[in-house]
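At position 145 of the sequence shown (counting the first as 1) the number is 145 in this note's numbering, and the numbers step up by one without a gap.
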Amino acid sequence: MRPQELNLLVIFDSVMTERSITRTAQRLSMTQPAVSNAVARMRSAWKDDVFVKDGRNIQPTTFAKNLWQQIKDPLHKLNQAIAPDNFEPQTAKRTFRIAVTDIIVDSLWLEMRQFFEQHAPGINLHAVPYTIDKAQRVLDDAEVDLVISSIIPDSSNISSSHLIDTCFLCAMRVDHPLAKPDLSVEEFAAAEHLLVSLSGDSYGVTDRVLHQHGLTRRVAMTVNHFSSAAPLLMETDLISVLPAGAIYKHVASGKLSVTRCPIEIPYSPISMLWHKRQDNDAGLKWLREHIEDKFVARWNKNLAQVYNFSCQ
Numbered sequence: 001m002r003p004q005e006l007n008l009l010v011i012f013d014s015v016m017t018e019r020s021i022t023r024t025a026q027r028l029s030m031t032q033p034a035v036s037n038a039v040a041r042m043r044s045a046w047k048d049d050v051f052v053k054d055g056r057n058i059q060p061t062t063f064a065k066n067l068w069q070q071i072k073d074p075l076h077k078l079n080q081a082i083a084p085d086n087f088e089p090q091t092a093k094r095t096f097r098i099a100v101t102d103i104i105v106d107s108l109w110l111e112m113r114q115f116f117e118q119h120a121p122g123i124n125l126h127a128v129p130y131t132i133d134k135a136q137r138v139l140d141d142a143e144v145d146l147v148i149s150s151i152i153p154d155s156s157n158i159s160s161s162h163l164i165d166t167c168f169l170c171a172m173r174v175d176h177p178l179a180k181p182d183l184s185v186e187e188f189a190a191a192e193h194l195l196v197s198l199s200g201d202s203y204g205v206t207d208r209v210l211h212q213h214g215l216t217r218r219v220a221m222t223v224n225h226f227s228s229a230a231p232l233l234m235e236t237d238l239i240s241v242l243p244a245g246a247i248y249k250h251v252a253s254g255k256l257s258v259t260r261c262p263i264e265i266p267y268s269p270i271s272m273l274w275h276k277r278q279d280n281d282a283g284l285k286w287l288r289e290h291i292e293d294k295f296v297a298r299w300n301k302n303l304a305q306v307y308n309f310s311c312q
């Protein structure tokens, strides 16, 4: 393969990952016209449109998707083989994309940004919407560098690192009739529930545990973001089983009341996931270490300051 052809593949790989000429130019330290010219050469050499416009972004053709499936892993392995082993955060220019829920953004992003401003000014951190069913695909397709998730896909291609285990609490408005420490299972099941469902399902872990007790509940409303739950709980008769870290600010400000669930909801492990092709990526190793350090410390500190019982 001629050097110019390999260079086209490198640019192609970046465009496939970023889905944007502008972001590809930034990622590769090229000008936008240079990337556009490279795409034109791809179309000429490969006899295919390769990419088509889709609003502000671009989407790959079937040919491009098939080609990428064949070359992305070998390209990434080649890049790791020839890349320096060290990573210099003070001078590095790189964008990391992480699939996360709004809880994680709320718990981590401010501290990470403050750290970057002091120690890694050229590093960008982009949040990508997290959905349970797409966690493995976005890693396989290199759409993100990391996923922070409560579920680890059963795949030999995925590496993981445990962050924390979080407990669940029953939350409601402060003057709710059920805002009491001795909430019974029957009262809990008879209440109208709000469910945060990232998948869109209205049946979750709480329902499975209730079923073991021979009980069911009414899920009167679902939302797909944790941040949407608190405002609804404050103004309605709904109650909700939520991760402790999702509501600590509202509990601390006296806007929500929480009590232990009268049924045993299993703790949920939160982990970082990445593709094994990036196991030796020095930059990603650096990022993972700082996420683990800052996220775990912040999470535990926040919960310890608010709850008068152990709930990590």
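Just so you know, even glycine gets a beta-carbon here, dropped at the ideal spot from N, CA and C.
Here the structure is a predicted model, which is why all the values come from computation and not from measurement.
{"Asked": "Continuous alpha helix (DSSP H) assignments of at least 4 residues falling wholly in the stretch 107–192", "Found": "135–140, 185–190"}
{"Asked": "Distance between MET172 and LEU178 (C-alpha atoms, nearest Å)", "Found": "8 Å"}
{"Asked": "Test item: CB-CB of VAL15 and THR22 under 8 Å", "Found": "no"}
{"Asked": "Range covered by the alpha helix (DSSP H) that runs through LYS249", "Found": "244–252"}
{"Asked": "Chain-order list of residues whose beta-carbon lies under 7 Å from that of HIS162 (same chain, five-residue window excluded)", "Found": "PRO269, SER271"}
{"Asked": "Where MET1 falls: helix, strand or coil (DSSP)", "Found": "Bear in mind that the predicted position of MET1 carries a pLDDT of just 49, short of 50, making it unreliable; the figure below should be weighed with that in mind. Three-state result, MET1: coil."}
{"Asked": "Beta carbon of ASN157 nearer than 8 Å to that of LYS77", "Found": "no"}
{"Asked": "Distance between ALA127 and LEU198 (C-alpha atoms, nearest Å)", "Found": "16 Å"}
{"Asked": "Sequence-distant residues of its chain with Cβ nearer than 8 Å to THR216 (five each side left out)", "Found": "ALA189, ASP207, LEU210"}
{"Asked": "Length of the line joining the Cα atoms of ASN302 and ARG41", "Found": "53 Å"}
{"Asked": "Where THR17 falls, given that 16 or more other Cβ within 10 Å makes a residue buried", "Found": "buried"}
{"Asked": "Neighbourhood of ILE265 by C-beta, 8 Å cutoff - its chain only, sequence neighbours within 5 removed", "Found": "CYS167, PHE168, VAL205, THR206, VAL209, VAL241"}
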